[in-house]
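As they're listed, the protein sequences go chains A and B. In case it helps, my numbering puts the first sequence at residues 1 to 108. In case it helps, my numbering puts the second sequence at residues 1 to 268. All C-beta atoms in this analysis are idealised placements derived from N, C-alpha and C, irrespective of residue type, glycine included. Note that this is a predicted model, so its numbers are computed, not measured.
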Amino acid sequence: MPRRPDTSPQTLRVFAALLEDPEGWHYGYALSKRTGLPSGTLYPILMRLAERELLTTRWEEATTPGRPPRHAYQLTPDGTALARDRVAQATPAPASRVRPAAHPRTAS
Amino acid sequence: MSAGTGPLDAGRSDDPVDHPEPAGGAAARAARALLTWAVRGRSAHGTEWGEAMLRELDEVDGGRQRLRWAVSGAWTAWRDRLRHLPESRMIAAVPRPLRPVVSVLATFLVTLGALTLVNHVALSVSYIPSGSMEPTLAIGDRVLVDRIGFRITGLEYGDIVTFTRDDGVSTDKTFIKRVVGLPGDVMSCAGGHLTRNGDPVDESYLPAGTVTAAGVGERPAADCQPVTVPDGEIFVLGDHREISIDSRTFGSVREDAVEGRVLGTIWS
Numbered sequence: 001m002p003r004r005p006d007t008s009p010q011t012l013r014v015f016a017a018l019l020e021d022p023e024g025w026h027y028g029y030a031l032s033k034r035t036g037l038p039s040g041t042l043y044p045i046l047m048r049l050a051e052r053e054l055l056t057t058r059w060e061e062a063t064t065p066g067r068p069p070r071h072a073y074q075l076t077p078d079g080t081a082l083a084r085d086r087v088a089q090a091t092p093a094p095a096s097r098v099r100p101a102a103h104p105r106t107a108s
Numbered sequence: 001m002s003a004g005t006g007p008l009d010a011g012r013s014d015d016p017v018d019h020p021e022p023a024g025g026a027a028a029r030a031a032r033a034l035l036t037w038a039v040r041g042r043s044a045h046g047t048e049w050g051e052a053m054l055r056e057l058d059e060v061d062g063g064r065q066r067l068r069w070a071v072s073g074a075w076t077a078w079r080d081r082l083r084h085l086p087e088s089r090m091i092a093a094v095p096r097p098l099r100p101v102v103s104v105l106a107t108f109l110v111t112l113g114a115l116t117l118v119n120h121v122a123l124s125v126s127y128i129p130s131g132s133m134e135p136t137l138a139i140g141d142r143v144l145v146d147r148i149g150f151r152i153t154g155l156e157y158g159d160i161v162t163f164t165r166d167d168g169v170s171t172d173k174t175f176i177k178r179v180v181g182l183p184g185d186v187m188s189c190a191g192g193h194l195t196r197n198g199d200p201v202d203e204s205y206l207p208a209g210t211v212t213a214a215g216v217g218e219r220p221a222a223d224c225q226p227v228t229v230p231d232g233e234i235f236v237l238g239d240h241r242e243i244s245i246d247s248r249t250f251g252s253v254r255e256d257a258v259e260g261r262v263l264g265t266i267w268s
């Protein structure tokens with residue numbers, strides 16, 4: 001079966017985390033904690049998404065004075081649409097078709 | 001957000017802190033050192049994504065977690081840095097049709113450099129200029145010389161070695177001879193046959209009927225009197241006994257003058 005792009009479990013977890021606040025700006029470490037992905041897995045995904053303009057990046061001035069700016073990420077409209085599509089396609093498929101009795105994956 | 005875990009949040013903050021450098025112990029320091037190296041190398045700044053990972057390290061709580069963050073991210077950061085390295089700008093500066101040429105040239109130069117290094121340190125090819133090792137090695141042969149191995153395994157009887165000594169013309173003329181005596185051996189060639197510690201030496205590498213005599217011409221007849229090889233020296237003879245100028249003439253040779261051991265002929 002040809003694999004559809006952006007459907008790896010890791011990418012889906014990133015999508016899910018971003019969709020928790022689709023309009024909001026997210027930080028790398030917070031995403032890593034929420035998805036459970038190590039930096040070496042998370043960042044390549046973010047880099048790919050940003051390269052395809054599914055994700056906007058910006059340097060955000062820190063609220064604490066003296067701290068350097070942080071890198072923050074926000075889904076673009078295209079990104080939000082794709083993320084919703086991929087997450088929606090993925091969630092029912094493994095649970096209902098492949099392993100009906102499997103424990104449903106909880107996203108939080 | 002992390003509440004009160006970092007030293008910055010814990011205490012008073014009347015002093016403006018320019019860098020959020022937490023003490024954090026050895027793990028945290030190792031994490032920072034590793035990731036900083038991966039992100040920046042020797043430059044002052046890394047790529048956007050590398051710097052992002054490095055900045056985010058400040059937010060990670062706990063030394064072990066920081067180490068995990070750094071170890072996992074280092075490879076990603078390093079690859080991202082390589083992608084943006086000046087080399088890519090250099091390649092971009094070369095007109096597209098010339099790129100294969102430049103690439104081949106660069107490969108050639110790097111290979112040449114590597115081979116030159118190996119040639120000086122490990123293996124080299126020597127040209128045989130004289131007939132003193134005939135018939136084993138003929139004039140014009142090229143032999144492969146191992147410059148390291150013999151230092152590990154030591155020399156043995158029958159090894160062909162290259163060494164340098166002062167021959168009166170040049171202070172480090174290179175010779176190529178066969179090792180027949182090691183430190184402590186008593187060498188003699190009375191009766192036309194080489195003996196070591198009183199026993200005839202099996203020299204199957206010589207043509208049948210070879211006579212090992214004291215030598216010819218101006219060499220003193222005393223050459224073939226029994227001599228004891230001193231510590232740290234070796235006794236060497238050329239296979240072409242009639243013409244070879246070797247330990248029979250100039251005595252034993254210091255082991256540390258040996259440069260390499262001949263592995264074999266690569267071209268004759």
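Q | Under 8 Å from the C-beta of B/Arg55: neighbouring residues of chain A | A | Working through the second sequence from its first residue, we reach residue 55 of chain B at position 55. Simply Pro68, Pro69, Arg70 and His71.
Q | Separation of B/Pro200 from B/Ser188, as counted between CA atoms | A | Position 188 of the second sequence, counting from 1, holds the residue named residue 188 of chain B. Position 200 of the second sequence, counting from 1, holds the residue named residue 200 of chain B. Their Cα atoms are separated by approximately 9 Å.
Q | Contacts that B/Trp37 makes with chain A (C-beta to C-beta distance below 8 Å) | A | Within the second sequence, numbered from 1, the residue matching residue 37 of chain B stands at position 37. Here the premise fails: no neighbours, minimum Cβ distance about 15 Å.
(Q) I need the DSSP call for A/Trp59, collapsed to helix, strand or coil. (A) The residue you call residue 59 of chain A lines up with position 59 of the first sequence. In this structure, A/Trp59 counts as strand in the three-state DSSP scheme.
Q. So is B/Thr47 buried or exposed if we call it buried at 16+ other beta carbons inside 10 Å?
A. For this step, residue 47 of chain B is matched to residue 47 along the second sequence. With 16 or more other Cβ atoms within 10 Å, it is buried.
Q) If the cut is a Cβ gap below 7 Å, which residues of chain A does B/Arg68 touch? A) Here residue 68 of chain B corresponds to residue number 68 of the second sequence, with the count starting at 1. The answer, in chain order, is Pro38.
(Q) Can you tell me whether B/Met187 is helix, strand or coil according to DSSP? (A) By one-based count along the second sequence, residue 187 of chain B stands at place 187. Note: B/Met187 maps to strand in three-state DSSP.
Q. Is the Cβ of B/Trp78 closer than 8 Å to any Cβ of chain A?
A. Residue numbering aside, residue 78 of chain B sits at position 78 when the second sequence is read from its first letter. Taking Cβ atoms only, chain A never reaches closer than 8 Å to B/Trp78, which makes this a no.
Q | Inter-residue spacing [alpha-carbon to alpha-carbon] between A/Leu75 and B/Ala106 | A | Counting from 1 along the first sequence, the entry for residue 75 of chain A is found at position 75. Counting from 1 along the second sequence, the entry for residue 106 of chain B is found at position 106. About 43 Å.
Q. Do we get a CB-CB distance below 8 Å when we pair B/Gly63 with the residues of chain A?
A. By 1-based counting over the second sequence, the position of residue 63 of chain B is 63. Not one chain A Cβ lies under 8 Å of B/Gly63.
Q. Using a Cβ-Cβ distance under 8 Å, would A/Gly28 count as near chain B?
A. The count along the first sequence starts at 1 and reaches residue 28 of chain A at position 28. Closer than 8 Å to some Cβ of chain B, the Cβ of A/Gly28 qualifies, so yes.
Q) For the stretch 42-62 of chain A, which residues have a beta carbon sitting closer than 7 Å to at least one beta carbon of chain B? A) Tyr43, Pro44 and Met47
Q | Straight-line Cα distance separating B/Arg147 from B/Ala114 | A | Along the second sequence, read from residue 1 onward, the residue named residue 114 of chain B stands at position 114. Along the second sequence, read from residue 1 onward, the residue named residue 147 of chain B stands at position 147. Answer to the nearest angstrom: the Cα atoms are 16 Å apart.
Q. Contact check, B/Asp141 vs B/Ile128 under 8 Å by CB: the rounded distance?
A. As a first step, residue 141 of chain B is located in the second sequence; it is residue number 141 there, counting from the start. As a first step, residue 128 of chain B is located in the second sequence; it is residue number 128 there, counting from the start. Correct: roughly 4 Å between the Cβ atoms.
Q | Selection from B/Arg248, B/Ser126 and B/Arg66 that minimises the alpha carbon distance to B/Ala190 | A | Your numbering for residue 190 of chain B matches position 190 in the second sequence. Taking only the C-alpha atoms, the option nearest B/Ala190 is B/Arg248.
Q. Can you list the alpha helix (DSSP H) stretches of 4 or more residues lying completely in the stretch 204-260 of chain B, in chain order?
A. 247-250
Q | Chain-order list of residues whose beta-carbon lies under 7 Å from that of A/Leu49 (same chain, five-residue window excluded) | A | On the first sequence, position 49 is the one that residue 49 of chain A refers to. Hits under 7 Å: Leu55 and Gly79.
Q) In chain order, what residues of the stretch 93-127 of chain B put their CB closer than 7 Å to some CB of chain A? A) none
Q. By Cβ distance below 7 Å, which residues in the same chain neighbour B/Asp231 in space, the five residues on each side in sequence not counted?
A. Looking up residue 231 of chain B in the second sequence gives position 231. Excluding sequence neighbours, B/Asp231 sits near Pro183.
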